[in-house]
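In the working numbering, the protein residues as written are 13 to 927.
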């Protein structure tokens, strides 16, 4: 063994490279590339275990909820490499992240590597030379409570998902999932859409005008009608969502009243009825936590939560910012000093308050033991100093973090706010008041560096808040009783707005305010509900699908406490109590899964809840009433409308119509539903007769989309034959030709000539002169393609089905084959070798978009990555995740110990002693 070798294990290759640059040659820094072990899928269990206590969950619920872990198939080689390095080392440093996941990764490494050398837990919240050197000295033991907390969550999520998801598969659709946080997040989005669907808009009017004092040197200003005969004028916030006024104490001004007032005020004299001036002070926002970073990056940079966290992780691993998963808004003494010093240097000493600002977390259940997210180091680098090192999203996010951190230690913004009321009496004797306000910033303070964004409010255009949002607006010098000249009095009509849809920023905020989940998991949660098809993005807004409505209804009606907001928050608090050592994990899991044994409904556990569900009416769960007898059904192939109030069709079924994917639920009104039912053809649309075959040609709307077909006469079957013989004769009868419509076609515009062209497929292109095989052009489920024997190749367009020549087809077949019949294309980028497969990683363009591959494993790029911005480290991580999610193809893994997790080997516990 080489003297003095030390092995340092971290999670990611990027983190390993950065840390290695700060350590000496005697250190080997290696990456585990995330978790090396996890609970296997039950199908991946050894044959002798599938019928045992681990067979359902890979967790023995009857014996202390003991988990069964296996090394992930794509990590076996990595574990072997780490064991080999450990043999040549005389010390092991576990330097994974300092949160629950990082602590769990360290524990799994300890269990799998079984080191016989001293083990030290090395922790840090920033990757700088100073921080790494400090962490080498100030090591600690493995924190069993953090490991306990992570494992409890993992087991809980396995129990929840594996018990509830199958119910969704049976009653809604295969492939769906339920989860402790994702199902509640989906419910929030669905409930907001329900509010929008039930919303009734109300109309209200007000009057605006331009006013001037006698001194022409003073500016004119705008004011708005605020009171009529002593009653406050109603604005949008005074109306309930059903369109009625919340209180009778306000004056509802309609168009007639507003128009009459404008006319009656045309000759009236205005004067200042009251004037109030008060100081204005605004304090800076606290430094970023994980949640507030996601919210602000969404508002200011239009970055998705997943994109924000991926970018922040890259900044952290390369030493630019502190650890990005934190609930804390506090700064270290060194960071406060750096921020104050930089603010003074850049903006002047007057922009720094006398005493440092101290922030404490306000998040419910805050538990991460870190600083706020800030620039790394004891001396911050300005955006200009890193501009040549960072680009794109990384630079924009670093600049946002830097600005917020520096601004958090700057002085308050100060100014004056003036509010004025203008009185007049109309010609019909009506007394009115107009109001205006304005704020003048006299000292910008922290606003010189940064101003926090805000989410869209439903009352942003409300007359009651319009003046408040004007910001830096100066009113002229005036006093009570001063006369004013009015001009441009205008009556304005408004309609109340429905509650705004959630954005990623506002959904993260809502989850955090309710104490649901933890900020470090919000990005993953939002990605899951989008990937499952529960939520789609429309600009910044999150729009629920009809599928989400069906899933949410099933959960609300049958698993009500599992999607209850308060219960989910209490569950999160209990999990934090387990992490703190205040609750016993086994007792808590037993209560959750088995119940409290009282037999009462409120004491029921998840197991009995699922077992005693009774009969769930799948048709009812998947039905959403639209109104006037029209019901939306969530079908296997998508949502469709059914009009039970109308006369049934010739086949005896109610009239039906498909619902376009781009139509949001709140846009499907009764009127829109009737339009869809009336405009979509019902039954067969007769196009004409085939001049050759003499058969009628019709167009239909089928479960896989619109298509054309020929109508053949019913075959004559000898009824004296047995049932089996009749079935065989029916199967042998001629089948009608069919053809799906091209994407450029529609049922409303298709002609007989179009249909005959579609029915002429497959088309014989020619014969391969080398093999003698016939080449045909066909239209299939995955699009147009050429076929030669068993060799298929994709065509570029549907039109190419009729235009491709034999020479062009031979040229396509001369190219190497790739994927589902597609021809190979040069890679978009080459990123270097994969550390697991040791094969080159490339970025390529595929049928479903850009993807990374090492020639063995493929992974489609997430929405937040592009071929131009993806790094090698991100590609390695994506491929590793894909391998981990794939079932093992070879023999079952060797059995691992299933004793209680906390019982670490004595040697390992001794080795982890703090040095």
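Think of the CB as a built atom: it goes at the ideal place given N, C-alpha and C, for glycine as much as any other residue.
Is it buried or exposed for residue i, if we count other Cβ within 10 angstroms and need 16 for buried?
i: residue 23; result: buried
i: residue 791; result: buried
i: residue 604; result: buried
i: residue 6; result: There is simply no residue 6 to check, as the chain begins at 13 and stops at 927 in what is shown.
i: residue 119; result: buried
i: residue 212; result: exposed
i: residue 382; result: buried
i: residue 324; result: buried
i: residue 52; result: buried
i: residue 722; result: buried
Which class does residue i belong to by DSSP, given the choice of helix, strand or coil?
i: residue 424; result: coil
i: residue 697; result: strand
i: residue 561; result: helix
i: residue 53; result: coil
i: residue 839; result: coil
i: residue 261; result: coil
i: residue 654; result: strand
i: residue 391; result: coil
i: residue 192; result: coil
i: residue 798; result: strand
i: residue 633; result: helix
i: residue 120; result: helix
i: residue 857; result: strand
i: residue 570; result: helix
i: residue 334; result: strand
i: residue 295; result: coil
i: residue 975; result: A query on residue 975 cannot be resolved here, the shown segment of the chain reaching from 13 to 927 and no further.
i: residue 778; result: strand
i: residue 42; result: strand
i: residue 951; result: No answer is possible for residue 951: it lies beyond the span of the chain, which begins at 13 and ends at 927.
i: residue 516; result: helix
i: residue 530; result: coil
i: residue 281; result: coil
Alpha carbons only, please: which of the options is nearest the one belonging to residue i?
i: residue 497; options: 592, 338, 234; result: 234
i: residue 430; options: 760, 769, 292, 637; result: 292
i: residue 56; options: 519, 69, 755; result: 69
i: residue 327; options: 883, 119, 368, 893; result: 883
i: residue 432; options: 745, 102, 236, 341; result: 236
i: residue 102; options: 38, 151, 42; result: 38
i: residue 749; options: 454, 710, 279; result: 710
i: residue 100; options: 570, 511, 19, 180; result: 19
i: residue 447; options: 571, 140, 244, 29; result: 244
i: residue 176; options: 625, 58, 722; result: 625
i: residue 657; options: 648, 772, 640; result: 640
i: residue 28; options: 109, 309, 79, 190; result: 109
i: residue 356; options: 290, 411, 457; result: 457
i: residue 517; options: 428, 133, 202, 304; result: 304
i: residue 451; options: 294, 262, 540; result: 294
i: residue 784; options: 796, 800, 772; result: 800
i: residue 298; options: 423, 593, 162, 254; result: 423
i: residue 886; options: 844, 197, 858, 219; result: 844
Excluding the 5 residues preceding and the 5 following residue i in the sequence, name in chain order all residues of the same chain whose CB lies nearer than 8 Å to its CB.
i: residue 146; result: 136
i: residue 352; result: 364, 368, 421
i: residue 558; result: 636, 644, 646, 651, 671, 677
i: residue 46; result: 23, 24, 117, 889, 892, 893, 896
Which partner residues of residue i appear in the DSSP bridge assignment?
i: residue 877; result: In DSSP, residue 877 forms no bridge with anything.
i: residue 234; result: 222
i: residue 750; result: 721
i: residue 499; result: 222
i: residue 541; result: For residue 541, which the question treats as bridged, DSSP gives no partner whatsoever.
i: residue 505; result: 217
i: residue 437; result: 443
Excluding five sequence neighbours on each side, which residues of the same chain lie with their C-beta closer than 6 Å to the C-beta of residue i?
i: residue 692; result: 669
Regarding residue i and the ligand SAH, is the C-beta to nearest heavy atom distance less than 7 Å?
i: residue 295; result: The ligand SAH is not part of this structure, which contains no ligands at all.
Give me, in chain order, the residues of the same chain whose beta-carbon lies closer than 7 Å to that of residue i; leave out the 5 immediate sequence neighbours on both sides.
i: residue 83; result: 48, 49, 91, 124, 905
i: residue 533; result: 193
i: residue 930; result: Coverage of the chain is limited to positions 13 through 927, which leaves residue 930 absent and any answer about it impossible.
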